[in-house]
Amino acid sequence: MSQTHFDVVIAGGAAVGSATAYFLTTHPGFRGTVAVIEPDPSYQHCATALSAASIRHQFSTAENIQMSLFGTRFLRGFAQALAVDGEQPDAAFREGGYLFLATPRGWPVLQENQALQRSLGADIALLDSAALRARYPWLDVADLAGGALGLSGEGWLDAYGMLQGLRRKAIAQGAVYLPRRVVGLGLAGGRVGQVRLDDGQVLSCGALVNAAGTGAPALARLAGIELPVQTRKRSVFYVQCPQPLPGCPMVIDPSGAYFRPEGQGFIMGVAPSPDHDPECAVTDFDVQHALFDEVLWPTLAQRVPAFEALRCTRSWAGHYDYNLVDQNVILGLHPALDNLYFANGFSGHGMQQSPAVGRALSELIVSGGFQTLDLGRLGWGRILEGRPIIEKNVV
Ligand SMILES: Cc1cc2nc3c(=O)[nH]c(=O)nc-3n(C[C@H](O)[C@H](O)[C@H](O)COP(=O)(O)OP(=O)(O)OC[C@H]3O[C@@H](n4cnc5c(N)ncnc54)[C@H](O)[C@@H]3O)c2cc1C
0 MSQTHFDVVI
10 AGGAAVGSAT
20 AYFLTTHPGF
30 RGTVAVIEPD
40 PSYQHCATAL
50 SAASIRHQFS
60 TAENIQMSLF
70 GTRFLRGFAQ
80 ALAVDGEQPD
90 AAFREGGYLF
100 LATPRGWPVL
110 QENQALQRSL
120 GADIALLDSA
130 ALRARYPWLD
140 VADLAGGALG
150 LSGEGWLDAY
160 GMLQGLRRKA
170 IAQGAVYLPR
180 RVVGLGLAGG
190 RVGQVRLDDG
200 QVLSCGALVN
210 AAGTGAPALA
220 RLAGIELPVQ
230 TRKRSVFYVQ
240 CPQPLPGCPM
250 VIDPSGAYFR
260 PEGQGFIMGV
270 APSPDHDPEC
280 AVTDFDVQHA
290 LFDEVLWPTL
300 AQRVPAFEAL
310 RCTRSWAGHY
320 DYNLVDQNVI
330 LGLHPALDNL
340 YFANGFSGHG
350 MQQSPAVGRA
360 LSELIVSGGF
370 QTLDLGRLGW
380 GRILEGRPII
390 EKNVV
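Counted the way numbering that gives the first Met the number 0 counts, the sequence shown spans residues 0 to 394.
Rendered as structure tokens:
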């Protein structure tokens, strides 16, 4: 490749990197060049492609709610906005809703969260246990006080389709994708001046974006920055159930186990308990079958008696970037360097936040500040000054 200078280099070209490339090349104030460095153009191992691909507005942190509300608006207009030469991409967005269930102990928290969500424009309704029983006769509500249901805007999609649509449009608007890995940085005068790739090429850059997912801590270390992010493995199980579950949304059990419709069956999963959830090698794709047998199936068969007879026909494991401090994205510049932007530590909700984060990064890079959503609280300041923003709804 002959071009050796790019105004913006983005390390990592999955959901976050490609959304950033798309929003930068769309931004009316940006006239520069963009390179996206992505070592795996098949995307078979990245979190984006292996995710449960769902979007919800039911968070406890205002910024998370606002980012997902934007994600919904973006997905609704996705096919038209990202068409290339008249060909529209398909993110297969389905507004099937989320249903967070609560025992009497969790009910006040759910009510508090729902009030915040509604105040920000999310279409979330509270249902008591009688209303739940009437709406979902297949659900065991004996131990529940109620649930919070997304009536519109929440649901699921084809995350790989969204990623490919973003990538294709970014390329059509001038972004260059290189199938390489960033392995070294040249630092001078408090800036990243150069990026070294794994084939020995050296690119000079005006700014670098760390969108490397679970590769982000290693990339940060190249700049002498310790990112409080570790890799966590999560398994997803595809099951078939002999009985249909009419109107089934994405259901979040009070235990943290989840399930939702997918094709002719359902996908389901649960995070391991913290003492069984170590940092994991990104090469370890072994599915946590014991978690399914010992925790997930028994829990969900109690919640949905029809699941007693389910059959697991497929499963996979993926990894996400887990923020050890507060499970929220770390977004923006680190004070040590003037031109290294971070978007890491999504802790399991980065696919749905990628449009909002891509837009936010484009604003930071072009104008030096947030123009639409103020995401300043999610920057490095809170990490360095010990002011975590605890998100209560981490699934
Ligand atoms: C099982 C599972 C279920 C999930 N469910 C959901 C969900 O329902 N909803 C939701 O919103 N989120 C979900 N997530 C989380 C979500 O997938 C991630 O937060 C999101 O995809 C992160 O996107 P990303 O682009 O930052 O990272 P990734 O998708 O991991 O991409 C990072 C990219 O960086 C590249 N890279 C790494 N190192 C380098 C380097 N040195 N140089 C250049 N490139 C590099 C990698 O090849 C990779 O393609 C889930 C995750 C998992 C694993």
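Glycine included, each C-beta is placed from N, C-alpha and C at the ideal position.
Straight-line Cα distance separating residue j from residue i
| i | j | result |
| --- | --- | --- |
| Gly214 | Tyr237 | 27 Å |
| Gln116 | Phe345 | 20 Å |
| Ile170 | Val269 | 36 Å |
| Tyr321 | Leu156 | 22 Å |
| Gln347 | Ser17 | Checking the sequence, you will find Gly at residue 347 rather than Gln. In a straight line, the C-alpha of Gly347 is about 18 Å away from that of Ser17. |
| Met66 | Asp142 | 33 Å |
| Phe77 | Ala90 | 7 Å |
| Arg381 | Asn327 | 11 Å |
| Ile123 | Leu131 | 14 Å |
| Arg167 | Pro178 | 15 Å |
| Trp137 | Leu244 | 6 Å |
| Gly212 | Ser50 | 13 Å |
| Ala210 | Leu150 | 32 Å |
| Asp197 | Leu186 | 18 Å |
| Tyr42 | Gly317 | 12 Å |
| Glu86 | Val324 | 43 Å |
| Val108 | Val393 | 14 Å |
| Gly188 | Ala335 | 10 Å |
| Arg310 | Phe284 | 21 Å |
| Gly95 | Ser203 | 45 Å |
| Ala114 | Ile389 | 18 Å |
| Arg376 | Ile329 | 9 Å |
| Glu362 | Thr230 | 28 Å |
| Phe133 | His275 | It is worth fixing the name first, because residue 133 is Ala in this sequence and not Phe. The straight-line gap from Cα to Cα measures roughly 37 Å. |
| Gly11 | Arg195 | 14 Å |
| Glu293 | Arg302 | 15 Å |
| Thr25 | Ala174 | 11 Å |
| Met111 | Tyr176 | Sequence inspection shows Glu at residue 111; the Met mentioned does not correspond to that position. Each residue's alpha carbon lies about 44 Å from the other. |
| Phe22 | Gln79 | 15 Å |
| Arg386 | Ser1 | 45 Å |
| Glu37 | Leu68 | 28 Å |
Inter-residue CB distance, residue i and residue j (contact presumed, cutoff 8 Å)
| i | j | result |
| --- | --- | --- |
| Ala52 | Ala121 | Contact doesn't hold; Cβ gap of about 19 Å is too wide. |
| Leu360 | Val208 | 6 Å |
| Gln193 | Leu184 | 7 Å |
| Leu148 | Pro248 | 7 Å |
| Val8 | Ala34 | 5 Å |
| Ala206 | Ile54 | Ala206 to Ile54, Cβ: 28 Å. No contact. |
| Tyr135 | Gly246 | 7 Å |
| Leu81 | Leu162 | Not confirmed; about 11 Å, so no contact. |
| Gly70 | Pro354 | 5 Å |
| Pro277 | Gln287 | Their Cβ separation, rounded to whole angstroms, is 12 Å, which puts Pro277 and Gln287 out of contact at 8 Å. |
For residue i, the residue or residues it bridges with in DSSP
| i | result |
| --- | --- |
| Gln287 | None; Gln287 has no bridge partner. |
| Trp315 | Val235 |
| Tyr176 | Val35 |
| Cys204 | Phe5 |
| Asp320 | Thr230 |
| Ile123 | Gly149 |
| Phe265 | Val238, Pro260 |
| Arg93 | Trp155 |
| Arg310 | Gln239 |
| Ser53 | Trp155 |
| Asn63 | Per DSSP, none; premise fails for Asn63. |
| Ala187 | Arg190 |
| Ile251 | Phe99, Tyr257 |
| Asn327 | In the DSSP output, where bridge partners are listed per residue, Asn327 has none listed. |
Beta strand (DSSP E) segment containing residue i, residue limits
| i | result |
| --- | --- |
| Gly367 | No beta strand (DSSP E) holds Gly367; DSSP gives it neither H nor E. |
| Gln229 | 228-239 |
| Val191 | 190-196 |
| Gly380 | No beta strand (DSSP E) contains Gly380, which is instead part of the alpha helix (DSSP H) from 379-383. |
Bounding residues of the alpha helix (DSSP H) (the contiguous stretch that carries residue i)
| i | result |
| --- | --- |
| Phe341 | Phe341 -> not in any alpha helix (DSSP H); beta strand (DSSP E) instead, spanning 339-343. |
| Arg104 | Segment: none, Arg104 is in no alpha helix (DSSP H) and carries neither H nor E. |
| Ala13 | That residue, Ala13, is in no alpha helix (DSSP H); it is neither H nor E in DSSP. |
| Phe77 | 77-80 |
| Pro42 | Per the sequence shown, the amino acid found at residue 42 is Tyr instead of Pro. Per DSSP, Tyr42 belongs to no alpha helix (DSSP H) and is neither H nor E. |
| Ala169 | 158-171 |
| Pro260 | Not the alpha helix (DSSP H): Pro260 falls in the beta strand (DSSP E), residues 257-261. |
| Ala133 | 128-134 |
| Leu299 | 296-302 |
| Leu218 | 215-221 |
Contact with chain C by residue i, beta-carbon distance below 9 Å
| i | result |
| --- | --- |
| Ala61 | Of the chains in the structure shown, none is chain C; there is only one protein chain. |
| said: Three Cβ pairs or more, each shorter than 8 Å: is that satisfied between the stretch 28-45 and the stretch 368-375? | reply: no
| said: Counting beta carbon pairs with one atom in the stretch 246-259 and one in the stretch 94-102, are three or more of them shorter than 8 Å? | reply: yes
| Are three or more beta carbon pairs between the stretch 36-47 and the stretch 55-65 nearer than 8 Å? | no
| field | At least 3 beta-carbon pairs within less than 8 Å: the stretch 221-232 vs the stretch 293-302 | value | no
| message | Under 8 Å: do the stretch 255-269 and the stretch 299-312 share three or more Cβ pairs, one atom per stretch? | response | yes
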